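Just so we're aligned, residue 47 is where the sequence shown starts under the numbering used here, counting upward by one.
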Amino acid sequence: MDAEVGMNLSHSAVSSALVVLGVVGCSTSSADDGGDGSSADAGAAATTIATSGYAQECTTDRDCVAVVAGDVCNFCNACKTNAAIAAREAPRFRADVDAKTKLCDPNAPPVSCTEECPQRRAICEGAKCVHDDCKGGCAPRDAGSD
Numbered sequence: 047m048d049a050e051v052g053m054n055l056s057h058s059a060v061s062s063a064l065v066v067l068g069v070v071g072c073s074t075s076s077a078d079d080g081g082d083g084s085s086a087d088a089g090a091a092a093t094t095i096a097t098s099g100y101a102q103e104c105t106t107d108r109d110c111v112a113v114v115a116g117d118v119c120n121f122c123n124a125c126k127t128n129a130a131i132a133a134r135e136a137p138r139f140r141a142d143v144d145a146k147t148k149l150c151d152p153n154a155p156p157v158s159c160t161e162e163c164p165q166r167r168a169i170c171e172g173a174k175c176v177h178d179d180c181k182g183g184c185a186p187r188d189a190g191s192d
């Protein structure tokens, strides 16, 4: 599965399957009112997705897909990937994102995004899918690269 195809979602799906580059917001009134934040922390944990529970083994770059990990309630743009998993895990990852998105506060203000999508990808290095920020551009890798 191509990395970009694996994470391309329709506009409406992007709105409902939000994941963020970092854990921001999603707080509750107990944290905002000077509380200890424990309920906010619990809420954020329930809406946070990590890649550690997904397979990352690969033989070629095509075995990998770039994803966005973090708090699904604050996701800005699906193209701002920050992690990589095995492509075969993409359907399960998307289903988990959808399930966690349903736990977000429906009254929270929408996240505003104005940035363009940076060039990023998932590659296979040392038999493990890794995220490549493409510093200096995403030049094609040699056909023999793993």
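Quick reminder that beta carbons are idealized off the backbone N, C-alpha and C, glycines included.
Only a predicted model underlies this, so the values are computations on that prediction, with no experimental measurement involved.
Burial state of residue i (16 or more Cβ within 10 Å)
i	result
ALA129	buried
ASP107	buried
LYS146	buried
SER84	Bear in mind that a pLDDT of 46 at SER84, under 50, signals an unreliable position, so the number given afterwards is only what the model happens to contain. Exposed: under 16 other Cβ atoms inside 10 Å.
GLY172	exposed
GLY183	exposed
GLU162	exposed
ASP179	exposed
ASP151	exposed
ALA154	exposed
GLY236	The requested residue 236 is not part of the displayed model; the chain covers only 47 to 192.
Beta-carbon gap between residue i and residue j smaller than 8 Å
i	j	result
CYS104	CYS175	yes
HIS177	ALA168	yes
CYS122	CYS159	yes
ALA132	ALA91	no
ARG166	ALA112	yes
VAL114	THR127	yes
Residues sharing a beta bridge with residue i, DSSP
i	result
ALA130	ALA112
ASP117	THR94
Check: residue i C-beta below 7 Å from any heavy atom of the ligand GDP
i	result
CYS175	The ligand GDP is not part of this structure, which contains no ligands at all.
First through last residue of the alpha helix (DSSP H) which encompasses residue i
i	result
ALA136	136 to 147
Span of the beta strand (DSSP E) around residue i
i	result
CYS104	Unbroken run through CYS104: none, as it is neither H nor E.
CYS150	Run containing CYS150: none; DSSP gives neither H nor E here.
CYS170	167 to 171
ASP179	First-last for ASP179: undefined, no H or E at that position.
> Pairing CB atoms from the segment 94 to 110 with CB atoms from the segment 128 to 145, are three or more of them under 8 Å?
Replying inline: Taking a cut-off of 8 Å for Cβ pairs, the segment 94 to 110 and the segment 128 to 145 touch, as three or more such pairs fall below it.
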